[in-house]
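Notes to accompany the following structure.
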Amino acid sequence: MKIETNGTTIHVAQRGSAQTALVFLHYYGGSSRTWDRVADKLEHAYRIVATDHRGWGDSGAPAQGYGIADMAADAQGVIEALGLTRYVLVGHSMGGKVAQLMASRRPEGLQGLVLVAPSPPSPTLLPQAQRAMLSGAYQSRESVEFVIDNVLTARPLDAALREQVIADSLKGAPQAKAAWPEVAMREDIAAAAGAIAVPTVVICGERDQVDRVETLQAELLPRIAHATMHILPGVGHLSPLEAPAELAQIMTGFLAAVQSEAAG
């Protein structure tokens, strides 16, 4: 379905009808379907709400407005339009930074936060040459395949998932592709992250080259004192695709504890 919010159109994929919703926010280059194999394991117990960020998937692509606050406002608009009263935010990489800002504002109905290989709240500072390489990573099939094999994954993807990643990466609007490395990645929301009060779990791949375990231990965990971390052995940055069953299993335990705390 399409939801008009914050001056653009956001595509939302939904399934399940439970009272508690999981709101999924994808990585730079992904789409709502990045979460499909994780959602397969969870839809029996939760309502699944997965969005395409502006400029990605089937969402609108305004000429500007690709900062963290813009994407957070889009997602909050979806939550309000759907009337969600009990939900958990699940953010991956870029979506994880968006989820941190959303959670820091302590919106009504938010019960927990799942950060999957999240971009840290502090600015990610890259040499200009590396930033330029990132900006051009999704320009051709060949460049996407190089990034999949050399940066994003540690476990091989099956043929269908590999094609999905290539298609999603290429589909992004030029302004969305440019904005993450040039704008949003540099944003500093560290002070806001310190205001996160809901139960939080951080799940990262042991072999993640993008948002490394040691970076998250240094830049994220000290700012969310109550957060716990799980490390997925042998997994890279795309854990929703590389290890959906393991990811869903960790989430299931965390979500059960969140619901128990909310009920108690």
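Numbering of the sequence shown is given in this note's numbering, commencing with residue 1 and proceeding in unit increments. We put the beta carbon where it would ideally sit given N, CA and C, even for glycine.
In the structure shown, glutamate 4 falls within a strand segment according to DSSP collapsed to helix, strand and coil.
Each of Arg207, Arg212, Ile250, Ser239 was checked against the Cα of threonine 228, and the nearest Cα belongs to Ile250. The C-alpha of glycine 96 is placed about 20 angstroms away from the C-alpha of alanine 154. Pairwise C-beta distances place the region 164 to 184 in contact with the region 133 to 142, as three or more of them are shorter than 8 angstroms. Nearest C-alpha to alanine 256 among Ala50, Leu42, Ala193: Leu42. Close CB contacts of alanine 21 within its chain, under the 6 angstroms cut and outside five residues either way in sequence, are with Arg47, Val49, Leu84, Tyr87 (chain order).
Collapsing the DSSP output to three states places alanine 21 in a strand. Classified as exposed, aspartate 158 has fewer than 16 neighbouring CB atoms from the shown chains inside 10 Å of its CB.
Less than 9 angstroms divides the Cβ of valine 12 from the Cβ of serine 32. Within the region 64 to 116, complete beta strand (DSSP E) segments of at least 3 residues are found at 87 to 92, 110 to 116, given in chain order. Counting along the chain, no alpha helix (DSSP H) covers valine 202; the unbroken beta strand (DSSP E) around it starts and ends at 200 to 205. If the five residues before and after alanine 245 are omitted, its C-beta is found closer than 7 angstroms to the C-beta atoms of Lys41, all from its own chain and listed in chain order. By the 16-neighbour rule on beta-carbons within 10 angstroms, arginine 105 is exposed. Judged by DSSP secondary structure, leucine 170 falls within the alpha helix (DSSP H) whose first and last residues are 159 to 171.
With 16 or more other Cβ atoms from the protein chains shown falling within 10 Å of its own Cβ, glutamine 76 counts as buried. Within the region 179 to 255, complete beta strand (DSSP E) segments of at least 3 residues are found at 200 to 205, 228 to 232, given in chain order. With a beta-carbon spacing of about 10 angstroms, valine 202 and proline 120 fall beyond the 8 angstroms limit used to define contacts.
Cβ contact annotation for glutamate 182 (same chain, cutoff 8 angstroms, sequence separation greater than five): Arg131, Ser135, in chain order. Going by C-alpha positions, valine 213 is about 22 angstroms away from alanine 195. In chain order, Leu113, Ile224, Ala227 place their CB closer than 6 angstroms to the CB of threonine 200, counting only its own chain and leaving out the 5 sequence neighbours on each side.
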